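Undergrad: First the structure, which I've put down as structure tokens, then a few questions once you've had a look.
In my numbering, the protein residues as written are 42 to 588.
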């Protein structure tokens, strides 16, 4: 049964603090523990987690704010679970951070924390359309952090980064072997023949995978695919076995990695180039995808971050994150988050050219957000032709005049494909001194120009990008988010997660980003970081050296 924990709001008359030296108590109240208690523990909204528990039956739950606080302390302090349990039991700072003023005041078994994590995971699986609870908690805490630090949130920057999960990178042969073995293990022994039983031997994998010549790998892959097809044939008359996750995974692997040849009545392995990047990458994580970016191969997910970037802000905070398969384009990620950025009051967004599309430009305008790009992808405009904006165009729907100030004979706008067209007098165009650089095309009776709204929007963005001062400002504003990505990967372990699956990864990412924002808030309270960095060392500062 769910119950909020408000016991920490009323201190016991006698606790460990009353037996300590007053100077140590004062030091404790100025430590990270007191800071954590005030700005995280007291701000955790336990009611968000009420759906994880029964409303009116059973024993009251162990305090959610303590369990949630422990997971955040683990990320902030870099503890393992084993160290975390010891610190909770014997470290007064950790107890103080969690609203406890006496060591050993509340005991819980490690299983309690693991079950809490399992409840979070299962709830996220059962309610995929709703925001996960960790993300909801992230939003509430970040809102508090921003309010305390008085940060400007009108300006934001965005970037994406590749995230790897807790698996080894498997080649095609190793992947096929793992899928096959998992499928074999799901079968009852009565269905297994001697050939399939051979794959269950512990030393057979080394012999099968590594003691072969390079030219033999194709035949081995074909052999494994045929065994996968054999498994599916064996379970054909067993509906309960067909529903087994391992068997379903075998079926998915087979359809992605091979094609059925009706003439030969067998499955034939596909060529490597014919396999989709969205195909199975690991037998232990069905959500991961493959992507090649900047010449590097990535297996896992893509994390999209939005961060404040106001020049007057002493520190910056991550205000939004989104985890997706790494085959998801930056344009899709931005399109999904635009309404949420509007709700957060963002007016200017700084990002790179990978996020550009004409649809994004239009949608951002309807949301009241101006996007500033640091560069542009795609084909550049022709150097010897006038830009389309040299023509006078009304609302990107009607061409009124050409660069030589001639009005068209007739104009049209097709709403279906959003293409503008205008016909001009051929005789006038033939004598025009701007003819060589004009975009009109000569026909028998007239000259014509056709252009899509998409092209007009792209050109508009390119012309804005051509402004050196604006481009430098956008580049300067966006650049520091690369440092945020680096900090999250190195300080918070975001480079390679210790979990598998996109749902668990999303929960882990949320906790790590909350920890990152807490570090930023700590830096804010330690003083104006930028001003400290500008101040030169005094004569008596530094490390003495011999001359």
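In this text, a Cβ means the ideal position worked out from N, Cα and C, and glycines have one as well. Values in this document were obtained by computation on a predicted structure and should not be read as measured data.
I need the DSSP call for residue 511, collapsed to helix, strand or coil.
TA: Here residue 511 corresponds to residue number 470 of the chain shown, with the count starting at 1. If DSSP states are grouped into helix, strand and coil, residue 511 belongs with the helices.
Undergrad: Which term fits residue 200, buried or exposed, when burial requires 16 or more other beta carbons within 10 angstroms of its beta carbon?
TA: Along the chain shown, read from residue 1 onward, the residue named residue 200 stands at position 159. Residue 200 should be labelled buried.
Undergrad: Considering only residues of the same chain and omitting the five flanking positions on each side of residue 487, which have a CB-CB separation below 8 angstroms?
TA: Sequence index remark: in the chain shown, residue 487 carries index 446 (1-based). Closer than 8 angstroms at Cβ, skipping near neighbours: 450, 464, 465, 466, 467.
Undergrad: Does DSSP put residue 555 in a helix, in a strand, or in coil?
TA: As a position in the chain shown, residue 555 is number 514, starting the count at 1. In this structure, residue 555 counts as helix in the three-state DSSP scheme.
Undergrad: Within 10 Å of its beta-carbon, does residue 96 have 16 or more other beta-carbons around it, so buried, or fewer, so exposed?
TA: Along the chain shown, read from residue 1 onward, the residue named residue 96 stands at position 55. The residue is exposed, with fewer than 16 neighbouring Cβ atoms inside 10 Å.
Undergrad: If I follow the unbroken alpha helix (DSSP H) through residue 261, where does it start and stop?
TA: Position 220 of the chain shown, counted from the first residue, corresponds to residue 261. That run of the alpha helix (DSSP H) goes 258 to 275.
Undergrad: Give a yes or no on contact between the segment 298 to 313 and the segment 262 to 273, applying the rule of three or more CB pairs nearer than 8 angstroms.
TA: The segment 298 to 313, when compared against the segment 262 to 273, does touch it at the 8 angstroms Cβ threshold.
Undergrad: Pick out whichever of 406, 523, 426 has its Cα sitting closest to the Cα of residue 502.
TA: For the purposes of this step, residue 502 is taken as the residue at position 461 of the chain shown. For residue 502, the nearest C-alpha among the options comes from 406.
Undergrad: Identify the residues that DSSP records as bridge partners of residue 334: which are they?
TA: Within the chain shown, the letter at position 293 stands for residue 334. Answer is 337.
Undergrad: With distances taken from CA atoms, which of 461, 164, 181 is nearest residue 82?
TA: By one-based count along the chain shown, residue 82 stands at place 41. Considering only alpha carbons, the answer is 181.
Undergrad: Run through DSSP, which three-state label would residue 298 get?
TA: One-based indexing of the chain shown puts residue 298 at position 257. In the structure shown, residue 298 sits in a helix (DSSP, three-state: H, G or I).
Undergrad: How is residue 198 classed by DSSP in three states: helix, strand or coil?
TA: Taking the first residue of the chain shown as position 1, residue 198 is located at position 157. Reduced to three states, the DSSP call for residue 198 is strand.
Undergrad: Using the three-state DSSP reduction, which class does residue 537 fall into: helix, strand or coil?
TA: Locating residue 537 in the chain shown gives position 496, where the first residue counts as 1. Strand, per DSSP.
Undergrad: What residue does the alpha helix (DSSP H) around residue 179 start on, and which one ends it?
TA: In the chain shown, counting from the first residue as 1, residue 179 sits at position 138. From DSSP, the alpha helix (DSSP H) with residue 179 extends over 174 to 190.
Undergrad: Could you compute how far the alpha carbon of residue 243 sits from the alpha carbon of residue 136?
TA: The residue you call residue 243 lines up with position 202 of the chain shown. The residue you call residue 136 lines up with position 95 of the chain shown. So the two alpha carbons sit approximately 46 angstroms from each other.
Undergrad: Taking just the CA atoms, how far does residue 504 sit from residue 49?
TA: Counted from its first residue, the chain shown places residue 49 at position 8. Counted from its first residue, the chain shown places residue 504 at position 463. If I take the Cα positions, the gap works out to 59 angstroms.
Undergrad: Below 8 angstroms on the Cβ atoms is my guess for residue 324 versus residue 311; work out the distance and round it to an integer in Å.
TA: Taking the chain shown and counting its residues from 1, one reaches residue 324 at position 283. Taking the chain shown and counting its residues from 1, one reaches residue 311 at position 270. That belief does not hold up - the Cβ atoms of residue 324 and residue 311 are roughly 18 angstroms apart, past 8 angstroms.
Undergrad: Would residue 339 pass as a contact of residue 367 if the rule is Cβ separation under 8 angstroms?
TA: Numbered from its first residue, the chain shown carries residue 339 at position 298. Numbered from its first residue, the chain shown carries residue 367 at position 326. Contact flag set, yes.
Undergrad: Given that a residue counts as buried once 16 or more other Cβ atoms are within 10 Å of its Cβ, and exposed if not, what is residue 531?
TA: Stepping through the chain shown from its first residue, residue 531 is reached at position 490. So residue 531 counts as exposed.
Undergrad: Is residue 130 a contact residue of the ligand MG, with contact defined as CB to any heavy atom under 7 angstroms?
TA: No copy of the ligand MG occurs in the structure displayed, which carries no ligand at all.
Undergrad: Under 8 angstroms between the Cβ atoms of residue 206 and residue 538?
TA: As a working mapping, residue 206 is identified with position 165 in the chain shown. As a working mapping, residue 538 is identified with position 497 in the chain shown. A contact, by the Cβ cut-off of 8 angstroms.
Undergrad: For residue 522 versus residue 346, is the C-beta distance shorter than 8 angstroms?
TA: Position 481 of the chain shown, counted from the first residue, corresponds to residue 522. Position 305 of the chain shown, counted from the first residue, corresponds to residue 346. Yes; because the gap between Cβ atoms is below 8 angstroms, this pair is in contact.
Undergrad: Could you give the DSSP three-state label for residue 193: helix, strand or coil?
TA: Counting from 1 along the chain shown, the entry for residue 193 is found at position 152. Here residue 193 sits in coil by DSSP.
Undergrad: So what's residue 101 in DSSP terms, helix, strand or just coil?
TA: Here the question's residue 101 lines up with position 60 in the chain shown. If DSSP states are grouped into helix, strand and coil, residue 101 belongs with coil.
Undergrad: Look at the alpha carbon of residue 586 and the alpha carbon of residue 567, and state the distance between them as a whole number of angstroms.
TA: Mapped onto the chain shown, residue 586 falls at position 545. Mapped onto the chain shown, residue 567 falls at position 526. Confidence is the limiting factor: at residue 586 the pLDDT is only 48, short of 50, which leaves the residue's position unreliable and the question unanswerable from this model.
Undergrad: Quick check on the burial criterion: 16 or more other C-beta atoms within 10 angstroms. Buried or exposed for residue 168?
TA: The count along the chain shown starts at 1 and reaches residue 168 at position 127. Label assigned to residue 168: exposed.
Undergrad: Could you give the residue range of the alpha helix (DSSP H) that holds residue 411?
TA: Numbered from its first residue, the chain shown carries residue 411 at position 370. From DSSP, residue 411 is part of no alpha helix (DSSP H) but of the beta strand (DSSP E) over 411 to 414.
Undergrad: So the beta strand (DSSP E) residue 69 belongs to, where does it begin and stop?
TA: Within the chain shown, numbered from 1, the residue matching residue 69 stands at position 28. Residue 69 -> not in any beta strand (DSSP E); alpha helix (DSSP H) instead, spanning 63 to 70.
Undergrad: Using C-beta distances below 6 angstroms, list every residue in its chain close to residue 581, excluding the 5 sequence neighbours before and after it, in chain order.
TA: For the purposes of this step, residue 581 is taken as the residue at position 540 of the chain shown. Summary for residue 581: the model assigns pLDDT 49, below 50, so the residue's position carries little reliability; its value from the coordinates is reported in the next sentence. Around residue 581: no qualifying Cβ.
Undergrad: For residue 334 and residue 321, I'd like the C-alpha separation in whole angstroms.
TA: Sequence index remark: in the chain shown, residue 334 carries index 293 (1-based). Sequence index remark: in the chain shown, residue 321 carries index 280 (1-based). For residue 334 and residue 321, the distance between alpha carbons rounds to 19 angstroms.
Undergrad: Provide the residue span of the beta strand (DSSP E) that contains residue 455, from first to last.
TA: Your numbering for residue 455 matches position 414 in the chain shown. It spans 451 to 455 - the beta strand (DSSP E) in which residue 455 sits, taken as one unbroken run.
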